[in-house]
Amino acid sequence: MKRFLLVAGAALLLLALGAAAVVWEQYTALVAWAARPHAVPKKCVVEVPAGAGPRVVSDLLAAAGAVDDAVSFYRDVRYLRRVAGRLKTGEYLFDPAAAQSPDQIIDRLLKGEVIELKVTIPEGLRLEEQAQVVEEAGIGAAAEFVRLARDPAFLETIGTTYSLPLGAGGQRTMEGYLFPDTYLVPRKCGVPCALRLMAGRFAKAWAAANAQRLPAVSLSMREAVVLASIIEKETGQPDERPRISCVFHNRLAKGMKLQTDPTVIYDIIQRTGKFEGNLKRVDLDTPGPFNTYVIKGLPPGPIANPGEAALAAALHPADCRDMFFVSKNDGSHVFCPDLACHEANVQKWQVEFFRQRRGVR
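Per our numbering, residue 2 is the first one in the sequence shown, and the count goes up by one each step.
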């Protein structure tokens with residue numbers, strides 16, 4: 002009996018060792034397979050839908066030729082890497098010129114390296130102008146961009162997420178809060194993602210500018226963004242922005258009208274849908290909510306989407322006594338502390354300048 006038990010025990014041990022050897026052989030084979038690069042037969046896009054489990058993802062990748070064994074990929078995700086439930090949804094591009102191992106593919110899925118479209122938004126564009134740039138980048142229709150940027154429900158969500166004065170009790174458009182920058186937008190997400198990215202980037206830029214706010218500047222976020230948008234449209238010279246901001250702060254402190262042409266142009270566009278490029282006296286005298294030749298103080302909302310330097314200038318103006326400035330017709334301005342000085346500059350840089358250009362003596 003004792004001998005029988007010894008023989009049986011030995012047999013069971015051999016069986017266990019044999020099974021372990023098989024398991025180890027399968028494990029090492031799977032590890033080797035997971036590390037081996039594999040090229041797709043042709044360029045393709047695999048979309049991982051929301052809620053897809055590792056088995057569905059494995060089948061999708063195998064069907065596209067990104068992996069050559071769906072079962073092995075599933076086992077890699079589920080048992081080797083143990084990352085089931087962490088694979089990110091979206092569109093993934095596979096190119097035969099860039100062979101990838103299953104483990105490298107899993108890394109991409111974990112990081113969410115989906116197809117992204119690059120778009121660069123210049124400073125100082127209006128909402129509608131930004132929409133055209135976004136459409137040209139292939140992210141989505143300009144009409145959808147404008148519609149969503151004025152949608153009350155979307156505005157309230159964005160306002161709550163990023164602590165911006167949008168939606169309920171705030172501004173009824175994202176104008177001014179769509180930060181100019183270069184973005185990589187997931188292709189599948191499109192316009193909603195672009196708007197969220199731009200608003201989120203604005204929130205960071207605002208925090209940086211607000212940290213440098215002068216103690217004497219008491220503007221709210223909305224007021225500062227309105228002023229920054231005007232500064233942005235008034236000059237493309239970075240070194241001039243704080244001084245132009247100073248002029249507007251000085252005029253606001255004295256209760257003077259800002260009398261800035263970009264607000265009139267914005268008012269015309271809001272009223273007629275376009276601006277012909279020639280500002281007339283009648284335009285300056287035409288009442289409108291944004292026309293700062295008619296209204297006192299700041300207009301009711303931003304007239305463009307300012308960049309970081311304009312935001313900083315609005316909250317940190319230069320120290321000056323200037324009350325006026327006039328264009329030198331080369332992108333820069335000349336400043337004055339009083340009306341007499343300003344009228345002389347207007348005569349020199351506007352009346353005489355254009356008279357000479359027309360050849361009138």
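All C-beta atoms, glycine included, are put in the ideal place defined by N, C-alpha and C.
- In this structure, the CA atom of I122 is about 10 Å from the CA atom of N306.
- G278 carries a coil assignment under DSSP once its states are collapsed to helix, strand and coil.
- The beta carbon of L220 sits closer than 8 Å to those of L228, A315 and L316, all from its chain and outside the five residues before and after it, given in chain order.
- Around L156, the same chain offers L167 and G168 as residues with beta carbons nearer than 6 Å, after the five sequence neighbours per side are excluded.
- Collapsing the DSSP output to three states places P243 in a helix.
- Collapsing the DSSP output to three states places T158 in a helix.
- Relative to P193, the option among L179, K205 and A206 whose CA is nearest is L179.
- If you draw a straight line from the Cα of L62 to the Cα of G54, it is about 13 Å long.
- As for any alpha helix (DSSP H) of minimum length 4 sitting wholly inside the region 175 to 241, the runs are 192 to 211 and 222 to 235, ordered along the chain.
- Here L312 is near A225, since their CB atoms are less than 9 Å apart.
- Exposure of Q27 is indicated by the presence of fewer than 16 other C-beta atoms within 10 angstroms of its C-beta.
- M175 has its alpha-carbon roughly 8 Å from the corresponding atom of L128.
- Ranked by Cα distance from Q101, the options E353, H39, W207 and W34 are led by H39.
- By the criterion of at least three beta-carbon pairs nearer than 8 Å, the region 234 to 249 is not in contact with the region 340 to 354.
- Within its own chain, the residues whose Cβ lies closer than 8 Å to the Cβ of V68, once the five positions on either side in sequence are excluded, are H39, S59, L62, F74, P103 and I106, listed in chain order.
- Contact holds between the region 292 to 305 and the region 252 to 269, because three or more Cβ pairs, one in each stretch, are under 8 Å apart.
- Taking D182 as the centre and dropping the five residues before and after it, the same chain places the C-beta of I122 and R202 closer than 7 Å to its C-beta, in chain order.
- Between F291 and Q260 the beta-carbon gap is near 13 Å, outside 8 Å, which marks them as no contact.
- N330 sits exposed, since fewer than 16 C-beta atoms from the chains shown fall within 10 Å of its C-beta.
- Looking only at V72, R173 and V134, the smallest Cα-Cα distance to E124 is reached by V134.
- For Y93, the enclosing beta strand (DSSP E) covers residues G91 to F95.
- The beta carbon of V295 sits closer than 6 Å to the beta carbons of P288 from its chain, once the five residues preceding and following it are set aside; these are given in chain order.
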